[in-house]
Amino acid sequence: MVKRKKKNFEFSNRVLYTLITIGILAIVGVGVYAWGTSVPSTVGHSAGELDLSGGVNGNAVFNGNAYLNARTHINNLTLSGFSIWFQNTGARTLLCYNATSCGLTENTCSKTQTVNFPLEGGVCNTVANDFYCFSFCRTSVACSGTDVSGCTGRTHAYYTSGSLVSCNDATYTVVCSCSVAGVTYNSEILQTPTCLG
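Structure follows, in structure tokens:
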């Protein structure tokens, strides 16, 4: 029977600690590369470590403040309906903006307005026509808001009273004077872009 010789490996403390250190670094390196859990909730690179020189595809949402401390190139910027863009005129580049495509302006009806309507029956009747003028002005004659771009908010203001001015059997017309006491109404207005530069 042949006896086998036992082999004994002996390492100095320096070599042993070196191997242990290398093993720990390898485990940590693999763990960092393969990190895919949600704990901690925020992992990844800091903003300074990102290379965005190639551009960002898709939309970027900033929930906080965004500070631009260097020269910045922006083709179009929209901030909650407030549109900002740059317009190249050839000689120089202008900064242009407008709040919305259209807005509203409040107007006040004039105090009186003379209107004509056909004479009914062909004969002037002062009492009947005076009453008709009163009803006609209150229901049919209005300061009308202008609709130019489909914005909401346009209103009409009807006159509050009316009286007979004259009636004419020859022309078959009744002339009414419609009046209003400071009634206001809204008209839409187009807001043209404002450019600075």
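Quick note: to get my numbering, add 11 to the position in the sequence shown (first position is 1).
Beta carbons are placed, not taken as given, at the ideal position from N, Cα and C, and that holds for glycine.
### Query
So what does DSSP say about F147, is it helix, strand or coil?
Position 136 of the sequence shown, counting from 1, holds the residue named residue 147. In the structure shown, F147 sits in a helix (DSSP, three-state: H, G or I).
### Task
Flag this pair as yes or no: are the beta carbons of V182 and N127 separated by less than 7 Å?
Counting from 1 along the sequence shown, the entry for residue 182 is found at position 171. Counting from 1 along the sequence shown, the entry for residue 127 is found at position 116. It should be noted that the sequence gives Thr, not Val, for residue 182. No, Cβ-Cβ distance for T182 and N127 is not below 7 Å.
### Query
Is the number of C-beta pairs between the segment 131–139 and the segment 188–197 that are closer than 8 Å three or more?
no
### Message
From the DSSP secondary-structure annotation, give me the bridge partner or partners of E199.
### Response
Mapped onto the sequence shown, residue 199 falls at position 188. DSSP output for E199 lists L115 as bridge partner(s).
### Message
DSSP three-state label for G34, please.
### Response
Walking along the sequence shown from the start, residue 34 turns up at place 23. Three-state DSSP puts G34 in a helix.
### Contacts around H167, its chain only, beta-carbon distance under 8 Å, and the 5 residues preceding and following it disregarded
Reading the sequence shown from its first residue, position 156 is the one you call residue 167. Excluding its 5 nearest sequence neighbours in each direction, H167 has C-beta neighbours in its own chain below 8 Å: A153, C154, S155, G156 and Y196, listed in chain order.
### Query
Within 10 angstroms of its Cβ, does L175 collect 16 or more other Cβ (buried), or is it exposed?
Position 164 of the sequence shown, counting from 1, holds the residue named residue 175. So L175 counts as buried.
### Query
Between which two residues does the beta strand (DSSP E) harbouring F128 extend?
Here residue 128 refers to the residue found at position 117 when the sequence shown is read from its first residue. Counting along the chain, the beta strand (DSSP E) containing F128 begins and ends at T123 to P129.
### Task
Return helix, strand or coil for Y169, following the three-state DSSP convention.
The residue labelled residue 169 in the question sits at position 158 within the sequence shown. Residue state, collapsed to three classes: strand.
### Task
Kindly indicate the opening and closing residues of the beta strand (DSSP E) around T184.
On the sequence shown, residue 184 is found 173 positions in, with the first residue counted as 1. Its beta strand (DSSP E) spans residues T184 to S190.
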